[in-house]
Every structure is written in C-alpha cells, then in structure tokens.
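J.: Structure below; questions to follow.
Residue numbers (UniProt numbering): 1 to 570.
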C-alpha cells in the first residue's frame, strides 16, 4: 500500500528525522488543536481516541506492525459505532498537525521540512487506502456468511461486485467487459443532521439507475458514496461512456429535484477489458484512475487511456515541486495591462501567476492552484501572492506608475475572515495605499459560503481596497451578487465579449451588463478584447476599460514598466 502512493526510503528517513527532532507533546498538542478547530467542543468518542493514539505513534510510522495495528484498531472502532469518515478526518488532522508543528517557530520551512510534509501526505494517503481495504475485507467475510445485498439500496455489495467481475473476466468466451465507477461527493450540510436525507437519496439514486440498465448489466453499491456498473458482452466501447453519462444525468436530475440541499458533485470513470486490463483488479484500477482524473478535472466522465498513468505520475512530480518550494516558490507574477477606452492609456493591470519549470515546461495557474489546494498549501500560496502583488505595487510607485493592480482570490481566501487584517498589514509594510489594490472574486469562489464571503468583502472595502466581480455573467446568481455585494468593479467575461460583433445576443448582454453596472456606480472592464472593432464598439457603449491580446499579453514587471511609459506617452 505504501509503494502504491510512491512512499520511498527517503520518505521514511524524513519521518524518522521528524520523530527524533520534534517533541511528542508538540505534535499531540497540534493534533488536539486541529481536532478542536474542526470538531468544535464535542469530545471524541472513546473508540475514536484509541485510533488517534495509534495514529500518533510516530516512532512506528510506516512499519508493518504499525499498519497492522492501525487496521485492527479501525475494525474495533467500527464495531463500537465510529463514523465511516473517521480515518479520512483523522489523517487530514494529522497532516495539518505536522504542518503546524513545522511552522511553529514562524520561520519559512526549508527542503527538509517540505520533505517531511510530503512524506506525511503519502503516509496518510496510504493509511486511508489501507483502512478502506480492511473495511472491504471485513465486508467480504460477512458476504461469505450470506450477506450479499446492501440492506439500504438492495444492490449487490462490493464482494459480489468483485466476484462477478472476476467471473466475467475469466470466462472462456473472453467477451469484452465494460466497467463504470460512479462517485457522489456530498456537499453542503453536516453529515449528522443530513444522514437521513442522504440515505434516502442513495436509495432513490440506486433505484433510478437500476431502471436504466441493459439486460445483463449489474449495478453494485460498493461504498457509501460509490457505485459500480459491470457491462458484459459489449459490442462497442462507446456503450460504456454512454452508460456513464446516462447514469450521471439520472443522478443529477434526481438530486436537483429530490434533495437539492445536498450539494455536491457526481463523477464517473470508465474502463473496458481486455484493452484496459486483463484481470478484475487491473480493470478496476484503470476505472479508478479515470474516476480520479474526472474528480480532479471537475468533469462528469473520463474514459481510461494508456497515458493516464504517466499523467498521474507527472502530477505527483508537480505536487512534489510545489510542496518543496511553497515558501520560496519559483513562481512569478506577470502583469497584463488594462486600457482606458476613452484615451487609450494604461489604467491598471491584472497580476497573473506564471511558473516555468527548469525543463522549460509552463504550468498553468489553475493547475498550480489545484495542486496547492489538494496539498493544503493554499494559505501559503495566497500569502505569497498577496506579498508579491503589493511589493510590485510599491516598485511601480517608485518608477512613477501609480496605477491599481488586480489580484485574484480563491474560495479559500474568502472563507478566511482574517484576510482583511493580513491585507492591511501587507499594505502598511510596503506603504501602499489600499485603493491601489483590487481583489478579484468569481461567483465560483462566492457560492460555497456566501455569508462569510460577504463579510470578508465588506471588510476589504472598508479598508479601502477595490473588489472586482470577475467572469461576470457565467453563473446563475451573478445579478444577485451585483446587487448584494459592495463590489467596486465588474469584469465582463470574454465569453460574451469575444463574439459580441457576431452575436446579437452577446452584444445585448454586454450592453445591458455595462449599463447596469454603471447604474450601481461600478467601473466596467471588458475581458478578451482581441480586435479594434470590438474595442471601438465597447467605447461607443460607454465601457470604461478593456483587457486582452489586442493591447498586450501578460508580461514580466521589468517589461511592463517601459511598455506603459511608451503607451501613455503617445
């Protein structure tokens, strides 16, 4: 299990060094603080405490004896009624505690600390997989005693799934077999208060999906949030993808109309034998790799293909680089000009994240943010971005360019009610007026916790910073945010701007949005301006500012200053 997540001798050495240098009580205290922060005042169950104690035996981390002891402890916890989510929650808190312990003195961590953090991440990932496997093995034993049907959904359970898939794969006919793994990630609402609704939804989803199967297909409930569909006797591999999309469509419709308060996401991964695997284990591994890709990419369905494993290894390599360098990252902030449409001068800039690796590969900003989020490093990345943007403003001031710079915020930033204080301290350190910093938010960042995000935005505006509503028009609640939030600027998404001269609908949307924004006293920026006729029409409409390749792509600060000076001198 450790080898499957890339846990190496170097990782084991890093954790041994951690065990030898950090006092036991420091890690225990950090772990307890993480539990309290996420679990409130409610004390853990006695069975939970036993698992926590076993998990914190860091002198034994990674040994076979420790792993076996953890598995036995977890099975005892299940017998005493511990939540199925306990291993995932405990491992997450452990990773947070190690991170907090490494940062206890306030100094930036070096390579050794980053190695420890990465090793802990691999270890906790392996522990979660191992404990899940232990649960399934116990389930298989119960099935051997005759418990072959999930009592909640009425579907075959995981053991039946494994048995049937193996039988299909080993049949003498060797006919093609398709496999769909479907995962429902629960969203809003606490697991305790919504458990009844979730059980009801699982039953409804299982019934609805069962009614859409071909004769001979087998749908199984293999976990609380997961189903598997075995499709024997395929005539075309395309049947598997169509089936996956149909199941997701059924789930989405039922969830939206049945229990809309249970927000979340539904994803599927597919694989086909014999091309994607010669054994039941290999076929499930391929489908699960595709499912993981679908979840990470935020898309409904991904079909397994042979280069997916290489792509996963590449992502692990990126994760390692980011974890090692997050306190002194090799990233850069580049600036893309924003042009006043009335006089053609540069009126501001958007700071955009850039990273070119040593091998010359450019990594996209969204990929950097996604990886930092998965590793729990988004707070560090956000602090670095804020510090770099404000320092850049100070340097622009020194060269006589007193223009605002916009910086994108992510959802996690808007959930941090200490963000305004951090912004104020950073601005004071570099002696930059708050009005020079514009913080951009998207509807996607607002939607998960609108009330808290609203408080953060109110505090930022009270501080004197600008707040821009980015990608406006791409969500269903955009106009409500315009009405309810004290934003100072609105950015019309390039989706509408790019084709506004060829689409009367896009033209009407742009004209309506900019007029409405001006009615609210907001400055309007049009994104994605790529040709002069579009810029001319935006100016005729009364739009304030434009941004796009017509003027310039994002560029390093060293190139930005002479570019602005030359343009504004025209």
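Each residue gets a CB set at the ideal place from its N, CA and C atoms; glycine is no exception.
Quick caveat: nothing in here was measured; it's all calculated off a predicted structure.
Kindly indicate which three-state DSSP category residue 122 falls into: helix, strand or coil?
T.: As a working note, residue 122 is residue 122 in the chain shown. The answer is helix: DSSP assigns residue 122 an H, G or I state.
J.: If you draw a straight line from the alpha carbon of residue 547 to that of residue 317, how long is it in whole angstroms?
T.: Looking up residue 547 in the chain shown gives position 547. Looking up residue 317 in the chain shown gives position 317. Going by the C-alpha atoms only, they are around 34 Å apart.
J.: Provide the residue(s) that pair with residue 523 in DSSP beta bridges, ordered along the chain.
T.: Taking the first residue of the chain shown as 1, we reach residue 523 at position 523. In DSSP, residue 523 forms a bridge with 489.
J.: Just reading off the alpha helix (DSSP H) that residue 394 is part of, what are its end residues?
T.: Within the chain shown, numbered from 1, the residue matching residue 394 stands at position 394. Residues 378-398.
J.: What residue from 471, 171, 376 has the CA that sits closest to residue 278's CA?
T.: The sequence position of residue 278 within the chain shown is 278, counting from 1. Minimum Cα distance to residue 278 is reached at 171.
J.: Under three-state DSSP, which class holds residue 281?
T.: Numbered from 1 along the chain shown, position 281 holds the residue referred to as residue 281. Residue 281: helix per DSSP, three-state reduction.
J.: Tell me where the beta strand (DSSP E) around residue 563 begins and ends.
T.: Taking the first residue of the chain shown as position 1, residue 563 is located at position 563. No beta strand (DSSP E) contains residue 563, which is instead part of the alpha helix (DSSP H) from 557-568.
J.: Are at least three pairs of beta-carbons, each pair with one atom in the segment 374-381 and one in the segment 334-346, less than 8 Å apart?
T.: No: fewer than three Cβ pairs fall under 8 Å.
J.: Are the beta-carbon atoms belonging to residue 294 and residue 268 less than 8 Å from one another?
T.: On the chain shown, position 294 is the one that residue 294 refers to. On the chain shown, position 268 is the one that residue 268 refers to. A contact, by the Cβ cut-off of 8 Å.
J.: Helix or strand or just coil, what does DSSP make of residue 111?
T.: Residue numbering aside, residue 111 sits at position 111 when the chain shown is read from its first letter. Of the three classes helix, strand and coil, the one that applies to residue 111 here is helix, per DSSP.
J.: Whole angstroms is fine: what's the gap from residue 442's alpha carbon to residue 423's?
T.: In the chain shown, residue 442 corresponds to position 442, counting from 1. In the chain shown, residue 423 corresponds to position 423, counting from 1. Cα to Cα, residue 442 sits roughly 19 Å from residue 423.
J.: Which one of 370, 180, 533 has the shortest CA to CA distance from residue 410?
T.: Position 410 of the chain shown, counting from 1, holds the residue named residue 410. Answer by Cα proximity: 370.
J.: Give me the Cα-Cα distance between residue 496 and residue 445, rounded to the nearest whole angstrom.
T.: Numbered from its first residue, the chain shown carries residue 496 at position 496. Numbered from its first residue, the chain shown carries residue 445 at position 445. In a straight line, the C-alpha of residue 496 is about 21 Å away from that of residue 445.
J.: Let me know if residue 302 comes out buried or exposed under the rule of 16 or more other beta-carbons within 10 Å of its beta-carbon.
T.: By 1-based counting over the chain shown, the position of residue 302 is 302. Answer is buried; the Cβ neighbour count reaches 16.
J.: Express the C-alpha separation of residue 390 and residue 426 in angstroms, rounding to a whole number.
T.: In the chain shown, residue 426 corresponds to position 426, counting from 1. In the chain shown, residue 390 corresponds to position 390, counting from 1. Going by the C-alpha atoms only, they are around 7 Å apart.
J.: Run through DSSP, which three-state label would residue 321 get?
T.: Taking the first residue of the chain shown as 1, we reach residue 321 at position 321. In this structure, residue 321 counts as helix in the three-state DSSP scheme.
J.: For residue 152, count neighbouring Cβ atoms within 10 angstroms of its own Cβ and tell me buried if that reaches 16, exposed if not.
T.: Residue numbering aside, residue 152 sits at position 152 when the chain shown is read from its first letter. It is exposed - the Cβ of residue 152 has fewer than 16 other Cβ atoms within 10 Å.
J.: Please name the residue or residues paired with residue 541 in a DSSP beta bridge.
T.: Counting from 1 along the chain shown, the entry for residue 541 is found at position 541. Answer by DSSP bridge pairing: none, since residue 541 is not bridged.
J.: Going by beta-carbon coordinates alone, are residue 115 and residue 12 separated by less than 8 Å?
T.: As a working mapping, residue 115 is identified with position 115 in the chain shown. As a working mapping, residue 12 is identified with position 12 in the chain shown. No, they are not a contact pair.
J.: Would you kindly work out how many angstroms separate the C-alpha atoms of residue 29 and residue 348, rounded to a whole number?
T.: Start at 1 with the first residue of the chain shown, and residue 29 comes out as number 29. Start at 1 with the first residue of the chain shown, and residue 348 comes out as number 348. Straight-line Cα distance between these residues: approximately 47 Å.
J.: Would the beta-carbon of residue 490 fall within 8 Å of that of residue 524?
T.: On the chain shown, position 490 is the one that residue 490 refers to. On the chain shown, position 524 is the one that residue 524 refers to. Contact flag set, yes.
J.: If you run the structure through DSSP and keep just helix, strand and coil, what is residue 74?
T.: Start at 1 with the first residue of the chain shown, and residue 74 comes out as number 74. Residue 74 falls in the helix class under three-state DSSP.
J.: What did DSSP end up calling residue 267 once you bin it into helix, strand or coil?
T.: As a first step, residue 267 must be located in the chain shown, where it is residue number 267. Residue state, collapsed to three classes: strand.
J.: Under the rule that 16 or more other beta-carbon atoms within 10 Å means buried, what is residue 466, buried or exposed?
T.: Taking the chain shown and counting its residues from 1, one reaches residue 466 at position 466. Buried: at least 16 other Cβ atoms inside 10 Å.
J.: Between the alpha carbons of residue 539 and residue 360, how many angstroms are there, rounded?
T.: As a working note, residue 539 is residue 539 in the chain shown. As a working note, residue 360 is residue 360 in the chain shown. Roughly 39 Å separates the two Cα atoms.
J.: Please name the residue or residues paired with residue 339 in a DSSP beta bridge.
T.: Position 339 of the chain shown holds residue 339. According to DSSP, residue 339 bridges with 346, 546.
J.: So, is residue 503 buried or exposed, given that buried needs 16 or more other C-beta atoms within 10 angstroms?
T.: Indexing the chain shown from 1 puts residue 503 at position 503. Label assigned to residue 503: exposed.
J.: By how many angstroms is the C-alpha of residue 505 removed from the C-alpha of residue 40?
T.: Here the question's residue 40 lines up with position 40 in the chain shown. Here the question's residue 505 lines up with position 505 in the chain shown. Caution is warranted here: a pLDDT of 49 is assigned to residue 40, below 50, making its placement in the model unreliable, and no coordinate value can be reported.
J.: Which residues in the same chain as residue 558 place their Cβ atom closer than 7 Å to its Cβ, once the five residues preceding and following it in sequence are excluded?
T.: Along the chain shown, read from residue 1 onward, the residue named residue 558 stands at position 558. None.
J.: What residue from 234, 241, 89 has the CA that sits closest to residue 175's CA?
T.: For this step, residue 175 is matched to residue 175 along the chain shown. Measuring from the Cα of residue 175, the nearest candidate turns out to be 234.
J.: Is it right to say residue 350 is buried, meaning 16 or more other beta carbons lie within 10 angstroms of its own, or is it exposed?
T.: To locate residue 350, count along the chain shown from 1; it is residue 350. Buried, by the Cβ-count rule.
J.: At the level of alpha carbons, what is the spacing between residue 352 and residue 554?
T.: To locate residue 352, count along the chain shown from 1; it is residue 352. To locate residue 554, count along the chain shown from 1; it is residue 554. Between residue 352 and residue 554, the C-alpha separation is close to 7 Å.
J.: Beta strand (DSSP E) containing residue 222: first to last residue?
T.: As a position in the chain shown, residue 222 is number 222, starting the count at 1. Note, residue 222: beta strand (DSSP E), 218-223.
J.: Taking residue 128 and residue 91 to be in contact with their CB atoms under 8 Å, please state how far apart those CB atoms are, rounded to whole angstroms.
T.: Here residue 128 is taken as the residue at index 128 of the chain shown, counted from 1. Here residue 91 is taken as the residue at index 91 of the chain shown, counted from 1. Yes, residue 128 and residue 91 are in contact; Cβ-Cβ is about 5 Å, under 8 Å.
J.: Classify residue 302 as helix, strand or coil using the three-state DSSP reduction.
T.: The residue you call residue 302 lines up with position 302 of the chain shown. Reduced to three states, the DSSP call for residue 302 is strand.
J.: Just list the residues that DSSP pairs residue 272 with in beta bridges.
T.: For the purposes of this step, residue 272 is identified with residue 272 of the chain shown, where counting begins at 1. Paired residue(s): 178.
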